[in-house]
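Participant: Residue numbers 0 to 300, in my numbering, belong to the letters of the sequence shown in order. No residue lacks a Cβ here, since even glycine has one placed at the ideal position from N, Cα and C.
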Amino acid sequence: MDITTFGGPVPQLGIGVVAPFDFALDRELWRWTPEEISLHLTRTPYVPVEVSVDMARLISEHETLHNAVMALDAVRPASYAYACTSGSFVGGIAHERAMCVSMSGAGGGAPSVTTSGALLEALGELGARRVSVITPYTASLTDSLADFLGEADVDVVGRQYMGLTGEIWKVGYRNVVELARSADLTHADCLFISCTNLATYDVIPQLEAELRIPVISANQVTMWAALRHAGARAAGDYQSLIDPAARAALAPYLGQGIAPPAPAAAAAAVVREAADREQIAATESTAAAPPDEPTADLDLG
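1) Below 8 Å on the Cβ atoms is my guess for residue 18 versus residue 65; work out the distance and round it to an integer in Å.
2) Count Cβ pairs between the region 176-189 and the region 137-151 that sit closer than 8 Å; are there 3 or more?
3) Since residue 212 and residue 240 are thought to touch, with beta carbons under 8 Å apart, how far apart are those beta carbons, to the nearest angstrom?
4) Output the residue ranges of the alpha helix (DSSP H) runs that lie fully inside the region 111-198 and measure 4 residues or longer, sorted by chain position.
5) Starting from residue 40, trace the alpha helix (DSSP H) both ways and give me its first and last residue.
6) Determine whether the Cβ of residue 25 lies closer than 7 Å to any Cβ atom of chain D.
7) Where do the ends of the alpha helix (DSSP H) carrying residue 64 lie?
8) Could you check where the alpha helix (DSSP H) with residue 12 kicks off and where it finishes?
9) Skipping 5 residues on each side, what residues in its chain have a beta carbon closer than 7 Å to that of residue 91?
10) Looking only at its chain, what residues have a beta carbon closer than 7 Å to the beta carbon of residue 32, apart from the 5 residues adjacent to it on each side?
11) Please state the DSSP three-state secondary structure of residue 200.
12) Contact between the region 131-138 and the region 184-193 is defined here as three or more beta-carbon pairs at a separation below 8 Å; is this criterion met?
13) Just list the residues that DSSP pairs residue 80 with in beta bridges.
14) Does the distance from the C-beta atom of residue 224 to that of residue 112 stay below 7 Å?
15) With hydrogens ignored, establish whether the beta-carbon of residue 64 is closer than 6 Å to any heavy atom of the ligand GTP.
16) Assuming contact is defined by CB atoms lying nearer than 7 Å, are residue 84 and residue 115 in contact in what I supplied?
17) Work out the CA separation of residue 160 and residue 5 for me, nearest whole Å.
18) Considering only their Cβ atoms, is the gap separating residue 172 from residue 202 smaller than 7 Å?
19) By DSSP, does residue 216 sit in helix, in strand, or in coil?
20) In three-state DSSP terms, what is residue 243?
21) My output table needs one value for residue 221: the three-state DSSP class, helix, strand or coil.
22) Quick check on DSSP: helix, strand or coil for residue 86?
23) CB-CB under 8 Å to residue 10, same chain, minus the five flanking residues each way: which ones, in chain order?
24) Could you give the distance in angstroms between the alpha-carbon of residue 109 and the alpha-carbon of residue 40?
25) Determine the direct distance from the alpha carbon of residue 226 to that of residue 70, and round the result to whole angstroms.
26) Using alpha carbons as the reference points, say which of 180, 156, 140 lies closest to residue 164.
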């Protein structure tokens, strides 16, 4: 067979992604990416600093972003995304907006988003003004996320955190699901799972079926927004942010707080769908640190 008769490959539209130096979930981003889209990833320079919000600020400085975008400019992405939640919320709304301006300026005017800005877009898309958040962060970083959302007039009605300080990408689905189940959803319109170094693609459908509430995650909103700004649509069956049928299924429960658990058969069906795409890890070992600031290397996603 002569492959040239097909005229391929499929024409590609590029999305430029700037990730923190310790980002480890490139493949997760690709799972939201349709066939006609290519992701072009680069990373911020390594910064050997002590654990603090200072690290988040260092990896989101305008010069750092400018240089990262310039490294991608040769392939002319249709849009740019800064894939880091903490780095884009730590300076508040003004800093997040300035980051987008800086990236667009370096990228020839292409639209740019950050994870935290994409979060606000997603909440607006879902009509959610009250959100419960779960994070792998320490207490202070989780509080900074709540401050950012509060500045955007989003009410954080619940927060849970793991207190982790490194290797967040090793956290398994079971730990994420257990943390989500512990979240206070009584008055929430939405549950947000923070950190781009936390794998969430497969747990979103299960949690939405079980909790009867929209569930969004850092990587999901980043890709959804970056693709939308490029005129494309994210992949993601059974995820209410992306799949109209999934959103319609949750409509009767929106604005009513936490609903009774989904029937076991329905939840099991969603779990099977997720398992078909990628096997859910059976065991994980992640130790939660005390809520006080730890001393190990921070994993900022």
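Facilitator: Taking the structure as given:
1) With a Cβ gap of about 16 Å, residue 18 and residue 65 do not count as contacting.
2) no
3) Wrong, their Cβ atoms sit about 12 Å apart, outside the cutoff.
4) 114-125, 138-150, 172-180
5) From DSSP, residue 40 is part of no alpha helix (DSSP H) but of the beta strand (DSSP E) over 36-42.
6) You won't find chain D in this structure, because it holds only one protein chain.
7) 61-71
8) Unbroken run through residue 12 is the beta strand (DSSP E), 12-18; no alpha helix (DSSP H).
9) 147, 150
10) 38, 222, 234
11) coil
12) yes
13) 16, 112
14) yes
15) With respect to small molecules bound, the structure shown includes none, and the ligand GTP cannot be examined in it.
16) yes
17) 51 Å
18) yes
19) strand
20) helix
21) helix
22) helix
23) 35
24) 16 Å
25) 20 Å
26) 140
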